[in-house]
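Here the structure is laid out as structure tokens; the discussion comes afterwards.
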Amino acid sequence: MQGTILHYAVSADEDRVVTEIASRVRAERAQRRWTLDELASRSTVSRRLLVQIEHAEANPSLSTLLKLAAALGVPLTELLSQEIAAGPIAVVSGQDALTLWSTPAGSSARLLVSHGPLELWSWTLAPGDRRTSEPHRPGSLELLTVHTGTVAVDVGNHHADIPAGDSARFDATWPHAYTNPGPTAATFTLLVLEPA
Numbered sequence: 020m021q022g023t024i025l026h027y028a029v030s031a032d033e034d035r036v037v038t039e040i041a042s043r044v045r046a047e048r049a050q051r052r053w054t055l056d057e058l059a060s061r062s063t064v065s066r067r068l069l070v071q072i073e074h075a076e077a078n079p080s081l082s083t084l085l086k087l088a089a090a091l092g093v094p095l096t097e098l099l100s101q102e103i104a105a106g107p108i109a110v111v112s113g114q115d116a117l118t119l120w121s122t123p124a125g126s127s128a129r130l131l132v133s134h135g136p137l138e139l140w141s142w143t144l145a146p147g148d149r150r151t152s153e154p155h156r157p158g159s160l161e162l163l164t165v166h167t168g169t170v171a172v173d174v175g176n177h178h179a180d181i182p183a184g185d186s187a188r189f190d191a192t193w194p195h196a197y198t199n200p201g202p203t204a205a206t207f208t209l210l211v212l213e214p215a
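Numbers 20 to 215, taken from my numbering, label the letters of the sequence shown in order.
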């Protein structure tokens, strides 16, 4: 099942996050002196949806945010609202983690912490659920470790089943997907490196 709804953690103020995404997309577009039509063309996101996003009237899906980040040449994290204090160490409360993808069956992807091109995610895949992703920018890499169940990973024409306790890395510049082929929920941690 392919979820497309963007949700935020229960403790997060959804309106604030949507407003900050709107502000950041608008600012990035203005900085490049692009029209809405130009950003629409570069991102393959419709002009109508862009208008809604920039006016904080739309709650964009993870796929839409990834398309916008790629078109603007910025990491996904720059479009999101995780404010982390500067310094040698920064702690992000579990309450501030953003749930950026979910399905009615109970699957979810939570962005736990990020910095520049690095993203640390916690995933749960319900039995039979699948999440597909378009290729990321050149130089992108993903590392994952499975905690429970089995996660099937498809990268281009390559396939691997990764059981609990095992880890994998792959080139995220290829189309890729995660699937739970098992009868119980699968959980995994994912580290994404996506250079701007």
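Backbone N, C-alpha and C fix where the C-beta goes; we use that ideal spot for every residue, glycine too.
- By the C-beta density criterion, G168 is buried, having at least 16 other C-beta atoms within 10 angstroms.
- Under the DSSP assignment, A88 falls in the alpha helix (DSSP H) whose first and last residues are L81 to L91.
- Counting every other CB atom within 10 Å of its CB across the protein chains shown gives I108 a total below 16, marking it as exposed.
- With a threshold of 16 other beta carbon atoms within 10 Å, V64 meets it and is buried.
- As DSSP reads the structure, S141 sits in a beta bridge with R129 and T208.
- Between D190 and V165, the gap from beta carbon to beta carbon reaches 7 Å or more.
- Rounded to whole angstroms, the gap between the alpha carbons of T54 and A187 is 41 Å.
- Rounded to whole angstroms, the gap between the alpha carbons of G175 and F207 is 21 Å.
- Secondary structure note for V174: its beta strand (DSSP E) is the uninterrupted segment T169 to V174.
- By the CB criterion at 7 Å, P200 and A171 fall inside the cutoff.
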